[in-house]
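Only one structure is covered here, and it is reproduced in the block below.
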Amino acid sequence: MADYDLEALSLGELKKMQKDVAKAIFTFEDRQKAEARAKVEALARDLGYSLAELVGPETKSSRAPAAAKYRHPENPALTWSGRGRKPQWFVEALEAGKSKDDLAALSCLLLDHSDFDRTTSGRSNSNSSRFGPITRVGRLGSGAWPR
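Here it is, written out as structure tokens:
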């Protein structure tokens, strides 16, 4: 390891050294993994295999991006899924008096079901459906179908 006289270095040199050390620390684990992978690949090659044959192909799991739940009123390219930190445009719109519903993206708007009244079908029983009253049928967990 090199011996440095830190007192003799200028401020610029010290800052560069600090930046280099931070980068070395940040990339240390990645470098160790790459070195280990190279050793394992060499061992597999010596035995007549590829690493992919022994452990399967590398697959990166990727999660599909969340659908946009909110959209900027003037710029439809700006969207937010409703997850994580609120974007600045969303916060500013709320402060300006808009509601979350005003900013909702059209693709995620749900029908307002308050116009539909379930009692208009002529049945007064709250346990009824369009197929008749809902009844409880025995224990379904026994593996047998109810008769």
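According to my numbering, the sequence shown holds residues 3 to 149 in order. Note that the Cβ used here is the ideal one computed from N, Cα and C, for glycine as well.
Going straight from the alpha carbon of residue i to that of residue j, what length do you get?
i: L84; j: E97; result: The question names Leu, yet the displayed sequence has Gly at residue 84. Near 17 angstroms, if we compare the C-alpha coordinates of E97 and G84.
i: K35; j: T29; result: 10 angstroms
i: G99; j: R65; result: 34 angstroms
i: L17; j: V23; result: It is Lys, not Leu, that sits at residue 17 in the sequence shown. In a straight line, the C-alpha of K17 is about 10 angstroms away from that of V23.
i: M19; j: L11; result: 10 angstroms
i: N77; j: V93; result: 15 angstroms
i: L8; j: G14; result: 12 angstroms
i: P89; j: K62; result: 28 angstroms
i: Y6; j: P59; result: 45 angstroms
i: K41; j: S52; result: 12 angstroms
Hey, would you say residue i sits closer than 9 angstroms to residue j, going by beta carbons?
i: T81; j: R87; result: no
i: A44; j: L56; result: no
i: L108; j: P75; result: no
Relative to the alpha-carbon of residue i, which residue among the options has its alpha-carbon at the smallest distance?
i: R39; options: A54, F28 and D103; result: A54
Mark residue i as exposed unless 16 or more other C-beta atoms lie within 10 angstroms of its C-beta, in which case mark it buried.
i: A4; result: exposed
i: A156; result: Missing from the structure shown is residue 156; the chain here goes from 3 to 149 and no further.
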